Amino acid sequence: MLKQIKILHTVIWVVMASACIYVLYAGITNTSNALTWFCVGLIVLEGIVLLLNKGTCPLTPMASRYTTKRSNNFDIYLPEWLAKYNKQIFTTIFLAGVLLIMLRRWL
């Protein structure tokens, strides 16, 4: 079961990371379309889920039932360093994209 949770967690991560990168791309290229706002909404929804779970993905406690390992990547197929700094990296990418979109839209 741990393997299935890690696969699901990784697939969700790929979607969310892609959404963050797309928002940055939209900001850089001055592209504002339905996909841009869908990605923004998806990321905001993820933020709400994380806030409601005290900063933890809901899949993490599920994965913890199947292993005693507690490294930063015990519940996802990511390198240790990326799992550790994931929130900081992708929050920065997302906020930079949103800032660029706002600047290009209003300036």
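For the sequence shown, this note's numbering begins at 1 and goes up steadily by one. Ideal placement from N, C-alpha and C gives every residue a C-beta, glycine not left out. Model, not experiment: these values are computed from the prediction.
Whole-angstrom distance between K84 and S71, CA atom to CA atom: When rounded, the distance between both Cα atoms is 9 Å.
Considering just the uninterrupted stretch of the alpha helix (DSSP H) at R105, what are its terminal residues? Per DSSP, the continuous alpha helix (DSSP H) segment holding R105 begins and ends at 80-106.
Report the start-end ranges of each beta strand (DSSP E) in the region 5-56 that is 3 residues or longer and not cut off at the edges. Here no run is fully enclosed.
Determine the closest residue to V14 out of W106, S64, L78, with distance taken between C-alpha atoms. Ranking the options by Cα distance to V14, first place goes to L78.
Below 6 Å CB to CB, which residues in the same chain sit around L107 once its five sequence neighbours on both sides are set aside? The beta carbon of L107 lies closer than 6 Å to none in the same chain, with the five residues before and after it left out.
As a quick exercise: from T60, C20, A19, pick the residue whose alpha carbon is nearest that of I7. The residue from T60, C20, A19 with its alpha-carbon nearest to that of I7 is T60.
Could you give the distance in angstroms between the alpha-carbon of I48 and the alpha-carbon of A26? Spanning the two alpha carbons is a distance of roughly 23 Å.
Can we say the region 15-22 touches the region 33-48, given the rule of at least three CB pairs closer than 8 Å? Contact check between the region 15-22 and the region 33-48: three or more CB pairs, one atom from each, fall below 8 Å, which counts as touching.
Following the continuous alpha helix (DSSP H) through S64, name the residue where it begins and the one where it ends. Run containing S64: 59-64, per the alpha helix (DSSP H) assignment.
Mapping DSSP to helix, strand and coil, what is K3? Correct three-state label for K3: helix.
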